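Residue numbers (the numbering used here): -2 to 374. Cβ coordinates follow ideal geometry from the N, Cα and C atoms, glycine included. Treat the numbers as computed from the prediction; the structure is a model and nothing was measured. What follows is one structure encoded as structure tokens, with my remarks underneath.
As structure tokens, this is what we get:
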């Protein structure tokens, strides 16, 4: 348990975009003890090393964009120290670096679309999801840095303009302590936010994304399916109920993302991420029949269903019930047993769910075979 906690915390720290400013913090602190130029060279080397390390660990993740930008800023400062005409006043390096990081954060935040277009143009044949995520998350972290650094920059600038020279205590606090402290606070705030987000996201249902072969290639939060509609293939479990040759149907929820308020099979559920079919079927059955552990639906068919609203790989199961009293539960909205003649009278009239109309012939055949089998036995 402790090992998993450490592993999750380490992962969160790596994807925390604000750790990208650590080389800058290091430079600010080192400049208090060694020359500004040496502090810049050391911090630039550290930034390059960690850029390569994080790229190796997580690819183009959330922390890489700000780390590269911070390292680039330090490299530019390092080059400027080699130009004799450029001189950084003693003790002002942390404040100058803070100005630089504010500029970088502003560019990332306000020019996010242009940055994306630039990379998309260079890689027009391939959409890099990780790179786009890195840019988006970098913009979020840049906003946090702006919110914390800009007030300090404005206040410090006004004090320098109207109160010169600064007193020792004021100089120490404004130009030496606060610049790295503010960036440390940004890292801590981001880490707390990511930890809370991880805790929340672990409780949100995730559903798998399938490729054309039916293999799991990704996952999405269940609430996202309303937005991506038929862009991705999702596995869906549907369970029909047949009782004494009759088909039990109920009304779909009026809030359903697909075919709301239509008459349909009584049980349907998205298969959850990292859940197998047996687990998904059992979970669905417990939801509607919490006290009946002996009911066992039988697998019928698997088929692909795609419209403008949804894209599904459907696993159809059939539950045969002798005692129809089990169906008298408020869990089934407007549920009732239908004869096949009643159903056929209402087919193709936008009365039933679209999936049900596709499954109808298979279900009718299964019901007839079941009744014939009972007559023989």
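For the pair residue 314 and residue 278, the CB atoms are nearer than the 8 Å cut-off. Below 8 Å, too few C-beta pairs join the segment 252 to 259 and the segment 271 to 288 to call them touching: fewer than three.
Between residue 304 and residue 362 the beta-carbon gap is near 24 Å, outside 8 Å, which marks them as no contact. Between the segment 68 to 86 and the segment 128 to 147 there are fewer than three inter-stretch CB-CB distances shorter than 8 Å, so the stretches are not counted as touching. Cβ-Cβ separation between residue 22 and residue 181: approximately 7 Å, consistent with a contact (criterion under 8 Å). When DSSP reads this structure, residue 231 sits in a beta bridge with 309. With a beta-carbon spacing of about 6 Å, residue 236 and residue 281 fall inside the 8 Å limit used to define contacts. In this structure the segment 289 to 296 does not lie against the segment 208 to 221, because fewer than three pairs of beta carbons, one per stretch, are closer than 8 Å.
Residue pairing by DSSP leaves residue 43 without any beta bridge partner. Looking only at 114, 101, 288, the smallest Cα-Cα distance to residue 143 is reached by 101. Counting C-beta atoms within 10 angstroms of its own C-beta, residue 107 has fewer than 16 neighbours from the protein chains shown and is therefore classed as exposed. In the three-state scheme derived from DSSP, where H, G and I count as helix and E and B as strand, residue 138 is classed as helix.
Just so you know, the alpha carbons of residue 373 and residue 242 end up roughly 15 Å apart. Runs of beta strand (DSSP E) with 3 or more residues, each lying fully within the segment 187 to 229, are found at 203 to 207, 213 to 218, listed in chain order.
In the displayed model, residue 261 falls within a strand according to three-state DSSP. Going by C-alpha positions, residue 229 is about 27 Å away from residue 360.
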